[in-house]
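Protein sequence lines correspond, in order, to chains A and B.
Just so we're aligned, residue 588 is where the first sequence starts under my numbering, counting upward by one.
Just so we're aligned, residue 4 is where the second sequence starts under my numbering, counting upward by one.
In this text, a Cβ means the ideal position worked out from N, Cα and C, and glycines have one as well.
No experiment lies behind these values; they were computed from the predicted model shown.
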Amino acid sequence: MKILVVDDSITMRRIIVNHLKQGGYNNVIEAGNGVEAISHMAGVDLLLTDWNMPVMDGLTLVKEIRKSPTFSSVPIIMITTEGAKAEVLEALKNGVNDYIVKPFSKGTLAEKIQKVME
Amino acid sequence: MEVQYINPFISAMNKTLETMLGILPKRGQPYLKNNKITEGDISGLIGFAEKNIIGSVAISFPQETALFVYEKMTGDKLTTLNRDVQDSIGELANIVAGSAKTILSGKGLSFHISIPTVIVGKNHHISHKAETPIVVIPFHLQDFTFIMEVTMKISKQLSD
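In structure tokens, the structure reads:
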């Protein structure tokens, strides 16, 4: 399974990639914003994206993916500091499959991935 | 600043470090800041604003604490406050501010937070925008120390 991790923080990408590799997911690629993410979407089975990023934010990325004829069915988990109820609902309304609020544990990430990939 | 506005930041810090580092920090006695110089070598600063709210939170670390935190977060051992460490301190400030924002939004206080600014250097200055007292909360993280500075000017009361 090929996973794309999108976050403008290199630290957060490293944490997520470490968690994924410890969970046995070794085919992981990274992007620092939504525009970079779109250019890396070929063959991606799961997208993990932050919300607040420069150039193109995560919510715009989700909208772009959902209207893409090629990538619209790729599962998306948003991983963000935006934890207010209204924001979670907005993300879900726009096509996010699941939502993780930072800070999060390795176990939470593994559970959410398992759930959306069922 | 009232305790009800400070406690969400302390809870957010505890939750963030316990989840990301596996260590629950010990809080010291808060005090009011009486100058602009910060004790740490590196700080992550986040501003927040809304119609009735202006404020900021800064997390300041001595170099050895910042390197310890970075190693615990990523598994990598570094010896200088390079760009990766700076990014990690900015992200930590972002998560703490976001987590406090979530707690406060549940109490009817909503605001936007800025992207993090990271400042590096001995005895650096932090300019908090709100003209209100700055509360400094010292923390111990095992054998290491750091501080969090919080200031917030609010013209609306929290709901219970």
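Residue environment for I157(B): buried (at least 16 other C-beta atoms within 10 angstroms of its C-beta).
One finds P690, F691 and S692 in chain A with Cβ atoms closer than 7 Å to the Cβ of T22(B), taken in chain order. Per DSSP, the continuous alpha helix (DSSP H) segment holding S14(B) begins and ends at V6 to L24.
In the three-state scheme derived from DSSP, where H, G and I count as helix and E and B as strand, Y34(B) is classed as strand. With 16 or more other Cβ atoms from the protein chains shown falling within 10 Å of its own Cβ, V88(B) counts as buried.
Contact between L648(A) and I590(A) does not hold, since the beta-carbon distance rounds to 15 Å and is not under 8 Å.
Residues of chain A whose Cβ lies closer than 7 Å to the Cβ of N97(B) are, in chain order, T668. In its chain, beyond the 5 residues on either side, R600 and D637 have a beta carbon closer than 6 Å to the beta carbon of D594(A).
Membership of T120(B) in the beta strand (DSSP E) is indicated by the continuous run T120 to V123.
The beta-carbon separation of A96(B) and I56(B), rounded to 18 Å, does not stay under the 8 Å limit for a contact. By the beta-carbon neighbour count (other beta carbons within 10 angstroms, threshold 16), Y73(B) is buried.
Judged by DSSP in its simplified three-state form, V675(A) adopts helix. Neighbours of M599(A) in chain B, taken as residues at a C-beta separation under 7 Å, are given in chain order as E94.
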